Every structure is written in structure tokens, then in C-alpha cells.
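In what follows, a single structure is set out as C-alpha cells and then discussed.
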Amino acid sequence: MLIDALLLQLGYNATLVAIGATLLGISAGVTGTFLFLRKRALVSDAISHATLPGVCLAFILMASFGGDGRNLIGLLLGSAVSASVGLWCLNWLTRNTRLAEDAAIGSVLSVFFGFGIVLLTVIQTLGVGRQAGLEGFLLGSTAGMLWTDAMVIAVGGAVTLLLIMLIRRPMTLVAFDPEYAAARGLPVSKIDMAMMGLVMAVTVVGLKIVGLILIVALLIIPPVAARFWTERSDYVVLLAGLMGGVSAYVGAALSASAPNLPTGPIIVLMSFALFLISLLFAPSRGVLAAILRHFRFQRRVHMRQGLLALAQGQPIYEKLTLRLLRKRGFVRADGVSTDKGKARAAKALRDEHRWAVVRSDQAHEAAAALYDGLRQIETVLTQDQIAEVDRQIGGPKEILA
Amino acid sequence: MLDLASSNGQVQQDQGLEDSPLTIRGLTVSYGQKPAVFSVDMTVEAGKMTAIIGPNGAGKSTMLKAALGIVSPVSGQVKVFGQPLDDKRARIAYVPQRASVDWDFPTGVIDVVLMGLYRELGLLGRLRGDHKAKAMDCLDRVGMGDFATRQIGQLSGGQQQRVFLARALAQGADLYLLDEPFAGVDAATEKAIISVLKSLREAGKTVVVVHHDLATVSDYFDNVFLINTRKVAEGTVAEAFTADTLQAAYGGRLATAQVDQLALALG
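In the order they appear, the protein sequences are chains A and B.
Per full-length UniProt numbering: the first sequence ends with 401, consecutive numbering throughout.
Per full-length UniProt numbering: the second sequence ends with 267, consecutive numbering throughout.
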């Protein structure tokens, strides 16, 4: 069943949902990355919650003029208008009052959402139009998705991606160093506004599938997960798009493979799974890598200190140090150093002297920056450079008796 | 200590006062009700190194930011090479305080320098080999060539500062504005930066530096601009950097012994 779903064999509606969700996931991941890099990820939460009053007002308006209150394009337009109002309020609050952005986000988010819920309740008592299903915008509902709905999502997602391609350079520059960008004459606040506009577009487009409460997850989780794997912003963008797309596709397929599985929440859980994998297993930034690194570091410190102690004929009391030295055959069981240990210890001491020269010489700055008291000098200098350093020291020091 | 010969020697560049690289008239900037900079005039002399000096919170950085349009002034006028700022942006390079950015941003050293080529690259221009070569050259000039492929998160404070300077160099500007480039950097970095700045001056460029170390002012700079919200003094080091002007700018905040010492050093 799941295989069928993944291969788009579960019928027309499931296929539409899967394709629409994938496009949404890609554009949300890519758009969200710039928001994340600008450290304004939570603004998307305010934007998404601010869509609700617009959805409701658009419904009331369309229904009272005798139209179909559930026309998707009309509802999305309404949501875009009220999200813009919310965004404007947010910007006004942060710029013209002493309110910090987090407090402004909290205020805008809750007020707009509360107002939306009131309107939703009013609509249910009004009895105009076919109001059933409007609350589907809260958590998304894909059951009755139409061809036109999928097209709206596909076109919206594609246009968003295209625009991001166009302004990715200024957005990255503004995210890294807004003051420098302003000094170069970049319209920083306009670029920020464009970025928020794109976030709004993704939010509005995603209302149908994941709903306004959870869309923030698709905007934030993929970039955060992608950040674990790379140190380059352009790769974060690509990876976040990929992760967003994959989690949306798999999530949509999964929810189609069994009855009564909600699409939006499953997609969010899928992206959370990718986040968890990244958090734990990413090389260098991941949690496991950090723990491993710590243990390796600890052992290298003990080994290094042990060797230096051997070279200088000092006694060693640390159990871990002794164990490590014994394991490598540098000391005997009674703690007396072996010939191999003596040679290795002499080398360690000589390296210390070499490092001292390297670190005091500005010409070796790039190498010196890698000094951590542990690194073998051969990994940062060539044999010729080491020979030169040795000449400065005055030949290998005779330490051993 | 002041090199009079060179200060007369380089004025032959036919630049009248109206063509000064940077002129500021009646600049007032305020965060809230209290002005940070109040009605300040400044005329930067071309081809010279000028230090902006004043106590903490005197509006040094704010003045620089207002000159660059980063903060908008309450009133006042800024002219760059005799023209409005926006017409001459390409000729200014700015080096912000290094603490103003997050150094955990996912990017490499050379990528930061390439940001200096933003105007050449444009929105969609492809990054070519000669762009990279130019960025590498700028990194070499600040002694950071070996760091090109490293992550910015691995840099020390002094190295961060030199990367910022390399980014400004990449712009190939004529006027360089630096905000506290010597704050909290190692001696090697300070030497590297000052020698780059001096080479810019040799090449006829103009350098303006927000500076906090009074002891090095007469060694490093030709001109001094003393500010404490209002302008206190402006001119050559010999004219404007005296015990009296320092007392006026710093008030009681500078120990008298320190002033005497500086006055002694100034002769």
C-alpha cells in the first residue's frame, strides 16, 4: 500500500496531493532558509496565524454576494490581505515602539488568530453558503482537493522559487551583514519585505495542504535540519529544499496509504524525522559526532600529556593516561617506559618546541591557528617547513639520557 | 612625530574643498529623544588618514553610519566627492565593527570577500575565475590568503577583522570608512591593518577610522576629528590633538595623568 502510494498508484486525488505537497515542501524549505539565516524564523508564525481572519472575511464576502464561499483563489486572496496587515502591524510595532520582535510576534499572532476564531464561530451560526470545511484551513485538509487547487499550489510554489533565485544574493548579503548591505546601497528594508512577501506566498499557498498552524514547521524545520550538514549557505538552501520536498512527498504518500491519516501533520512529522536524523548523525555539527569528538579529544589530551611526562621523566598517576600508554605499548605494566615509548615521547617533546616556533612566527599564522596542543605538526607543515623550524630550534634536542 | 613634509606633498591632487571625499553639514542623529550626534560638520581631507576620536557613546560610529545612510539622520547633509551619497556609493567601502555580525553564519572566508564584488556580480552574474583571483589577492594583502577555504566560524577576532578589510579592498573604492578596526585585535593584526591602510594612502585613497586608542593616534593618522556628541576639534594631529582638545572631548573621563602623558608625547 505504501509502495503504491509512493509510486503515485493510489488514484487521482492522492496523486494531486502528493505532487502539490512536494512542490510546496520544496518552496517552503528554500524560502524558510533565508528567514532562518536572517534569524527571523518566528515571523512566519505570525504571518501564518494572521491569515485566518482574511480567510473568514473572504468567505463571508463571497457568500453574501451569492457566490461560492469556498472558492480557493478567493479565500487565498483574503488570507494574503490579512497576512499583509499582520505583517505591517508587526513591522510597525518593532520599528515604532520599544517592543522587541518576539513580543510583537506574540501579540500579532494571538490577536489575529483570536479574531479569526471568532469569525469562524460567527460563520457557523450564520448559515450562509456551504461553510463546512472552512476549519480545514487550520490544519489543512486534502480530502476534496481539486485539479485547480493543485494548480494554484504548483504555480504559486514555482513562482516563489523563481523569485528566490532572482534575489538570493541580496537576501544572503542582508542576512549575513545588514549594515554592510545598507552601506553598499542595498534597499535592506525592501529586501526584507520581499523575503516576507515570499514567506507569505508560501504560507497562503500551503494553507490547503498543511494548514496555517503547521505551515511554520515546513518553513523552519528543513533549514534547521539542513544547517547540520553544511557550512555553506547555498548548500543549506538546496538541502532545505530537498528535505522539504522529500518530507512532503513521503508524508503525503503515507497519509494516502491508510484511511484517516491527516496529510499536513504527517508531513510535519516526516520533516521532524529528518531533523532528528540530522541532529543525531550529521558529521561535525551533529550530537553524536560532538560526543565522539569529545571522547577522542580527551584521549588525545591524556596521550599527549602522558608522552610529555615520559619525556621529562615525571611520574604518571592518571589511570586513563597509563591505560592508553600501555595499550599503545609505550609503557610496561609497571609504568616504566619502553624503547618505543621513549622514542615517541622524544618526538612529542620535539613537536612541542616546533609548535612554539610556529606559533611565535607570523609567517605560519594559518598553521598556528590550527594549534590545539595535540595536533601532529606533520599535518600542518611540509617536511621542508619542519626542517626549517628545526634549524631555528637548533636541531633535535637531546632529552633522553 | 607629525610628518609635515608628506602632509604638504600630496595636496597637488587638484581637489578643492567641494570635492572632498566626504563632507558632513549640520548632521544630527538621534535614537529616541536624546541626540547621539548633534549638529556636526566634518570635512575629510583627500588622500589622508583621519581618526574619529571621542569617549564611549560620543556618537563616533553613529556619525559614520549616518554618513553611509545606514541610520537616517534627523537633519543634515552628506556629500561624497561633492555629490549626493547615492550617486557615489561605488566609491565608498565600509568596514563595520566585527561584532555586528554572527560569525556562525554558514559561509567561507573567500565568500565573505566575494561579497565585496556584489556590484560586479549583480543579481545573476556567474562567479568567474577572475572574481575569485581578485578576492584571493585581497586576502593576500591582509595576510589571510591561507585561510581562504576555512569557515568564518574558525577565525580569531583579529582574523575576522582582516577578512572584513579584505572585503572592503575588493570593492576597489576611493574612500574607506572603518569602524573600530583595532578594537580587541592582536598586535599582528593591528600591524597588518595599519600597513594596508597606509598603502591605501600611498595610492591616493582616503581613509577614515573610528579609533579608540589615543596612544597610537599620532603614529597612525594625519588628521583628527574629536567628537563628543558635538564636534570638539578637527584638523591635523598637531592642531587638533592637544591636551586641551582631549580635555574638552573627554572631560573628567580621561585621567589627568593620561592627558599629560599624551601631551608630553605630542611635544
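For each residue, glycine too, the CB sits at the ideal point set by N, CA and C.
Predicted, not measured: the structure shown is a model, and the values here were computed from it.
query, result
"Any chain B beta carbon closer than 8 Å to A100 (chain A)", "no"
"Among B:T43, B:V95, B:D111, the one whose alpha carbon lies nearest that of D19 (chain B)", "B:T43"
"Cβ pair G108 (chain B), T149 (chain B) closer than 8 Å", "yes"
"Any 3 or more C-beta pairs closer than 8 Å across the region 69-87 of chain B and the region 22-41 of chain B", "yes"
"Proximal residues of chain B, C-beta to C-beta of L72 (chain A) below 9 Å", "In chain order: nothing, as chain B lies at least about 33 Å away."
"S195 (chain B): contacting residues in chain A (beta-carbon distance under 8 Å)", "What S195 (chain B) touches in chain A: nothing, since even the nearest Cβ is about 12 Å away."
"Alpha-carbon spacing of Q159 (chain B) relative to V380 (chain A), whole angstroms", "18 Å"
"Member of A:M200, A:S84, A:G286 whose CA lies at the smallest distance from the CA of T160 (chain A)", "A:M200"
"Three CB pairs or more closer than 8 Å across the region 13-20 of chain A and the region 232-240 of chain A", "no"
"For V208 (chain B), the residue or residues it bridges with in DSSP", "B:T50, B:L177"
"Length at least 4, wholly inside the region 336-388 of chain A: the alpha helix (DSSP H) runs in chain order", "339-360, 365-368"
"Sequence-distant residues of the same chain with beta carbon closer than 7 Å to R391 (chain A), five excluded per side", "none"
"Inter-residue spacing [alpha-carbon to alpha-carbon] between L8 (chain A) and L261 (chain A)", "17 Å"
"Short CB-CB distance (under 8 Å) between Y371 (chain A) and chain B", "no"
"Candidates A:V81, A:W88, A:L37, A:I209, of which the one nearest L24 (chain A) by Cα", "A:I209"
"Collapsed DSSP secondary structure at Y94 (chain B) in the structure displayed", "strand"
"Contacts of I70 (chain B) in chain A (Cβ-Cβ under 8 Å)", "E179, A182, A183"
"Within chain A, the residues that P96 (chain B) reaches when beta carbons sit closer than 7 Å", "D177, E179, Y180"
"Pick from B:I152, B:R126, B:A170, B:L127 that is closest to M136 (chain B), judged by C-alpha positions", "B:A170"
"Alpha carbon of T321 (chain A) to alpha carbon of A58 (chain B), nearest angstrom", "55 Å"
"Residue-level contact to chain A via CB, P84 (chain B), 8 Å cutoff", "no"
"7 Å CB neighbourhood of G306 (chain A) in its chain, flanking five on each side removed", "I316, T321, L324, L325"
"Identified DSSP bridge partners for S75 (chain B)", "B:T28"
"Within-8 Å CB hit, V11 (chain B) to chain A", "Reliability fails at V11 (chain B), whose pLDDT of 40 lies under 50, so the model's placement of it is uncertain and the value that follows must be treated cautiously. It does not; no Cβ of chain A falls within 8 Å."
"Proximal residues of chain B, C-beta to C-beta of A366 (chain A) below 7 Å", "D146, F147"
"Whether G133 (chain A) touches R70 (chain A) by CB criterion (8 Å)", "yes"
"Exposed unless 16 or more other CB atoms sit within 10 angstroms - verdict on N56 (chain B)", "exposed"
"Same chain, Cβ closer than 7 Å to T22 (chain A), five either side skipped, listed in chain order", "G245, A248, Y249"
"Through-space distance from V174 (chain A) to T230 (chain A), alpha-carbon basis", "20 Å"
"S218 (chain B) burial status per 10 Å Cβ neighbour count (16 or more: buried)", "buried"
"As assigned by DSSP and simplified to three states, the class of G9 (chain B)", "Below a pLDDT of 50, predicted positions are generally treated as unreliable, and G9 (chain B), at 39, falls in that range; the measurement from the model is reported next regardless. G9 (chain B) falls in the helix class under three-state DSSP."
"Exposure of P187 (chain A), with buried meaning 16 or more beta-carbon neighbours within 10 Å", "exposed"
"Residues of its chain near R354 (chain A), where Cβ-Cβ distance is below 6 Å and the 5 sequence neighbours each way are ignored", "I377, V389"
"Cβ neighbour criterion (16 or more within 10 Å) applied to V287 (chain A)", "exposed"
"Sheet register partners of M42 (chain B) (DSSP bridge)", "B:I24"
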